[in-house]
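Per this note's numbering, the very first residue in the sequence shown carries number 399; after that it's consecutive.
Here is the structure we will look at, set down as structure tokens.
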Amino acid sequence: MSQANPTFSNQSDKQTEGRNSRPSATLRARQDHAARRAFFIFTLLPVLLILFVTVALIFRSWPIISKYGLFDLLFGQVWKPNNGQFGFWPFILGTFWVTTVGVVLAVPACLLTSIYLAEYAHNRTRSFAKPILDLLAAIPPVVYGVWGLVAIVPFVDDVLAPLSDRWLGPVSIFSVNQPTGFNILSAGIVLAVMIAPLIISVMYEIFSTVPNDLRHASLAVGATQWQTIRNIILPQVGPGILAAIVLGASRALGETIAVLMVVGNIPQIPTSIFDSAYPLPALIANNYGEMMSIPLYDAALLSAALVLLVVILIFNILSLIVLRRMLRKK
């Protein structure tokens, strides 16, 4: 009995020490509060970075904005820095033309692909297709630009332009006004291939959010799978599809190297998809660091960057609003 008491005493001491080593409820609450505050600060960093970039661009662009006015810069149609003329309107229109053509070409194929992967494809097909999409998204833009230069530009020049001139020539948007393949259509095709993996991935995830009970209920009353997709699933995911398109468009708006290699880079107001254009990202990439001896040239290029940043932020904010509304309906 005398030997058992020390053992029991040691065990009770260890248990007591173990209980005493645990942090108190007050200390744990303080640690949780500190962790919450730290994560909140890290979450604010991207927002602060965007604000810092915006303020810096406004500060560097202010000399030309104060001299010419924002309206004259945005809607001016002449770009002759040597003469002090800095009109952004041809570049803004070129950006929207290229982005619109790329999105129009990409969306139908992306929608059909996402429907097939989410509703029809076997698991083996999905496991094979998803890495391919990730690989396409990881290819550097310059590779797409070279591919567009050696494949898309000759194809547009030798095949699509003659066909459009023969069959759709009276329609101004399809008229051929120049003999080269460096035009909006070539840039739009390259952009469509570049943004397709992003749009497909987002749409696939959105289709996956639809409860299977809705599919089973529709099939149980005799509807076909396509009728279920058309009448049940697509109305459910409509806002999400729109958000995916907006995200793809925001990605296309900021694309630089691949577009400037095939778009022609001529500062003009386009009237056809076969016209050359000069998007804002290409303007900044081609000219920043050069001709800095021209007065206000640096401020003009940074003003173009500010306009591009504001447009992309608007597109992203709109997509987030649409996604939140969709989630609230769920």
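Where is the CB? At the ideal position from N, CA and C, for every residue including glycine.
Owing to the predicted nature of the structure, the values given are computational and were not obtained by experimental measurement.
Item: Inside the stretch 616 to 675 only - alpha helix (DSSP H) runs reaching at least 4 residues; Value: 623 to 626, 632 to 651, 655 to 658
Item: Val496 beta carbon less than 8 Å from that of Val657; Value: yes
Item: Where Gln475 sits in the DSSP three-state scheme; Value: coil
Item: Rounded straight-line distance, which links the Cα of Ser573 to that of Val660; Value: 19 Å
Item: Inter-residue CB distance, Cys508 and Ala432 (contact presumed, cutoff 8 Å); Value: Wrong, their Cβ atoms sit about 44 Å apart, outside the cutoff.
Item: Same chain, Cβ closer than 7 Å to Ser701, neighbours up to 5 away in sequence not counted; Value: Ser459, Ile462, Ile463, Leu471
Item: Proximity below 8 Å, CB of Ile671 to CB of Asn581; Value: yes
Item: For Ser606, the first and last residue of its enclosing alpha helix (DSSP H); Value: 582 to 606
Item: Simplified DSSP state of Gln576, which is helix, strand or coil; Value: coil
Item: Sequence-distant residues of its chain with Cβ nearer than 7 Å to Ile448 (five each side left out); Value: none
Item: Contacting residues, own chain, Cβ-Cβ under 7 Å from Leu583 (five flanking each side not counted); Value: Val499, Val554, Leu558, Ile671, Phe672
Item: Runs of alpha helix (DSSP H) wholly within the stretch 531 to 577 (minimum 4 residues, chain order); Value: 539 to 545, 559 to 565
Item: Inter-residue Cα distance where the pair is Ala621 and Asp611; Value: 14 Å
Item: Straight-line gap, Arg564 to Pro693 (C-alpha atoms, nearest Å); Value: 47 Å
Item: Per-residue DSSP class, three states only, for Phe486; Value: coil
Item: C-beta contact flag for Ala698 and Pro479 at 8 Å; Value: yes
Item: Integer-rounded CB distance, given that Val476 should sit under 8 Å from Gly482; Value: Not quite, the Cβ-Cβ distance comes to about 10 Å (not below 8 Å), so this is no contact.
Item: Helix, strand or coil at Ile729 [DSSP, three-state]; Value: Outside the modelled stretch of the chain, which goes from 399 to 728, sits residue 729, for which no answer is possible.
Item: Reduced DSSP secondary structure (H/G/I, E/B, other) of Gly492; Value: helix
Item: Pairwise C-alpha distance: Val540 and Phe494; Value: 21 Å
Item: Neighbour-count burial assignment, Leu706, 16 or more Cβ in a 10 Å radius; Value: buried
Item: Reduced DSSP secondary structure (H/G/I, E/B, other) of Ala373; Value: Given a span of 399 to 728 for the chain in the structure shown, any question on residue 373 remains unanswerable.
Item: Assigned secondary structure, Gly416 (DSSP; H/G/I helix, E/B strand, else coil); Value: Low confidence applies here, because Gly416 scores a pLDDT of 48, under 50, leaving its location unreliable and the question unanswered by this model.
Item: Among Arg722, Asn663, Leu510, Val505, the one whose alpha carbon lies nearest that of Pro677; Value: Asn663
Item: Any chain B beta carbon closer than 8 Å to Val619; Value: This model lacks chain B altogether, as it is built from one protein chain only.
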